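Step one of this worksheet: look at the structure below.
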Amino acid sequence: MRDLTRRLDLCSINTATLGHQAPIGPMIDAIARAGFGALAPWRRDLEGEEAAAVGRRIRDAGLAVSGYCRSTYLPAATRPERQAAIEDNKRAIDQAAAIGAPCFVFVVGGAPAGSRDLPGARRQVADGVAALLEHGRAAGVRLALEPLHPMYAADRACLNTLAQALDMAEAIEGPSAADPWIGVAADIYHIWWDPALCTQIARAGAAGRLLAYHVCDWLSPTRDMLLDRGMMGDGVVDLKAIRAMVESAGYSGAVEVEIFSAENWWRRPMAEVLAVCAERLQAVC
Ligand code: ZN
Numbered sequence: 014m015r016d017l018t019r020r021l022d023l024c025s026i027n028t029a030t031l032g033h034q035a036p037i038g039p040m041i042d043a044i045a046r047a048g049f050g051a052l053a054p055w056r057r058d059l060e061g062e063e064a065a066a067v068g069r070r071i072r073d074a075g076l077a078v079s080g081y082c083r084s085t086y087l088p089a090a091t092r093p094e095r096q097a098a099i100e101d102n103k104r105a106i107d108q109a110a111a112i113g114a115p116c117f118v119f120v121v122g123g124a125p126a127g128s129r130d131l132p133g134a135r136r137q138v139a140d141g142v143a144a145l146l147e148h149g150r151a152a153g154v155r156l157a158l159e160p161l162h163p164m165y166a167a168d169r170a171c172l173n174t175l176a177q178a179l180d181m182a183e184a185i186e187g188p189s190a191a192d193p194w195i196g197v198a199a200d201i202y203h204i205w206w207d208p209a210l211c212t213q214i215a216r217a218g219a220a221g222r223l224l225a226y227h228v229c230d231w232l233s234p235t236r237d238m239l240l241d242r243g244m245m246g247d248g249v250v251d252l253k254a255i256r257a258m259v260e261s262a263g264y265s266g267a268v269e270v271e272i273f274s275a276e277n278w279w280r281r282p283m284a285e286v287l288a289v290c291a292e293r294l295q296a297v298c
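Read in order, the letters of the sequence shown are residues 14 to 298 in the working numbering.
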């Protein structure tokens, strides 16, 4: 396993961690100044900006991009709505390419409002991802399916385990694609509890489908389903053990910090949050 001591160049900051307090420019500067090697922006950070210019600013700051967040939900009640989501995701993939992101993160959506058909929603996700594969390949952007904790199955993602995401990737692209363009984003918050974690991380790595690794911590108790993620070291997850699995599976990309924390970290100044991230990445991740 890589030693992260004095290796913040191996680490990335997902801009959500900074609570969207500042425009993208100042965030790029703050992340670079704090010594990190990469960042992962959100689409909201690019609103009103020219993607290519943001990409230049990122490169000029000496940063790489570890991913671009995130997809428009794919399931919808009608075919025109599903097609509109696909077109919107194509535009986002183009932005991902323009800023130099190696992958576009898919938070796939739950069942459409009023629907009880979860298996149907999952079929719609598979159809939507399949429809975007060629666009991703042409743009040079890999599609990173992020399974979310099952507590989000209704409203945010009906893709809930690594096994399910890998099954979907293989069903679309074939089980032994030599150069896969669909993979997974492994986010501690969503997968730490999974009894099959070790096997599925190894499977993802062996298939060349482990595209991103997101860290935070699971606080116990958790007070909010969405906005109470913990700083690494403040919760119950054995972060070093999981990174060992991820890296022994062949992952050599960034360790990306992604913390949604409305009541705590989002209320603190960016420089303080970045300093604590830097310290915890080196100490407990
Ligand atoms: Zn994530």
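Beta carbons are placed, not taken as given, at the ideal position from N, Cα and C, and that holds for glycine. Please read these numbers as outputs of a predicted model, since none were measured by experiment.
Any non-hydrogen atom of the ligand ZN closer than 7 angstroms to residue i Cβ
| i | result |
| --- | --- |
| Asp-200 | yes |
| His-227 | yes |
| Glu-94 | no |
| Glu-271 | yes |
| Glu-159 | yes |
Beta-carbon proximity of residue i to residue j, cut-off 8 angstroms
| i | j | result |
| --- | --- | --- |
| Phe-117 | Ala-105 | yes |
| Ile-112 | Val-78 | yes |
| Val-121 | Ala-170 | yes |
| Val-197 | Leu-224 | yes |
| Arg-95 | Gly-141 | yes |
| Arg-70 | Ile-41 | yes |
| Met-245 | Leu-31 | no |
| Glu-271 | Asn-27 | yes |
| Ala-51 | Ala-190 | no |
| Leu-17 | Cys-211 | no |
| Ala-74 | Leu-87 | no |
| Ile-37 | Glu-62 | yes |
Contact set for residue i: own chain, Cβ-Cβ below 6 angstroms, skip 5 residues either direction
| i | result |
| --- | --- |
| Ala-109 | Tyr-81, Phe-117 and Val-154 |
| Arg-135 | Cys-171 |
| Leu-294 | Leu-17 and Cys-24 |
| Gly-133 | none |
| Leu-76 | Ala-45, Ala-51 and Leu-52 |
| Gly-68 | Ala-111, Ile-112 and Gly-113 |
| Arg-72 | none |
Whole-Å CB distance - residue i paired with residue j, under 8 angstroms assumed
| i | j | result |
| --- | --- | --- |
| Pro-160 | Gln-177 | 6 angstroms |
| Ser-25 | Glu-269 | 4 angstroms |
| Glu-276 | Asp-241 | 7 angstroms |
| His-227 | Ile-255 | Contact flag wrong, Cβ pair sits at about 11 angstroms. |
| Met-181 | Leu-156 | No, Met-181 and Leu-156 are not in contact; Cβ-Cβ is about 10 angstroms, not under 8 angstroms. |
| Ala-143 | Ile-185 | 5 angstroms |
| Ile-195 | Leu-146 | 6 angstroms |
| Ser-84 | Asn-102 | 5 angstroms |
| Phe-273 | Ala-29 | 6 angstroms |
8 angstroms CB neighbourhood of residue i in its chain, flanking five on each side removed
| i | result |
| --- | --- |
| Asp-130 | Ala-124 |
| Val-259 | Ala-199, Ile-214, Gly-218, Leu-223 and Tyr-226 |
| Ala-291 | Leu-21, Cys-24, Ala-47, Gly-48 and Phe-49 |
| Leu-179 | Val-197, Gln-213, Arg-216, Ala-217, Ala-220 and Arg-222 |
| Met-14 | Lys-253, Arg-256, Ala-257, Glu-260 and Ser-261 |
| Ala-139 | Met-181, Ala-184 and Ile-185 |
| Asp-247 | Asp-230 and Leu-232 |
Contacting residues, own chain, Cβ-Cβ under 7 angstroms from residue i (five flanking each side not counted)
| i | result |
| --- | --- |
| Gln-34 | Met-283 |
| Met-164 | Met-238 |
| Val-289 | Met-244 |
| Ile-204 | Pro-160, Leu-175 and Leu-210 |
| Tyr-264 | Gly-218, Leu-223 and Tyr-226 |
Min CB distance residue i to chain C below 8 angstroms
| i | result |
| --- | --- |
| Glu-63 | Checking the listed chains, one finds no chain C in this structure; it contains a single protein chain. |
Problem set entry | Residue ranges of each beta strand (DSSP E) within the segment 235–298, 3 or longer | Segments of the beta strand (DSSP E) lying fully in the segment 235–298: 268–270.
Exercise. If you scan the segment 44–106 from start to end, which runs of the beta strand (DSSP E) of 3 or more residues do you find wholly inside it?
Worked result: Runs found: 51–53.
For this session: Only counting runs of 3 or more residues, tell me where the beta strand (DSSP E) segments fall wholly within the segment 129–167, in order along the chain.
Result: As far as the segment 129–167 is concerned, its whole beta strand (DSSP E) runs of at least 3 residues are 155–158.
For this session: Go through the segment 176–215 residue by residue and report every complete run of the beta strand (DSSP E) that reaches 3 residues or more, in order.
Result: DSSP runs (the beta strand (DSSP E)) wholly in the segment 176–215: 195–200.
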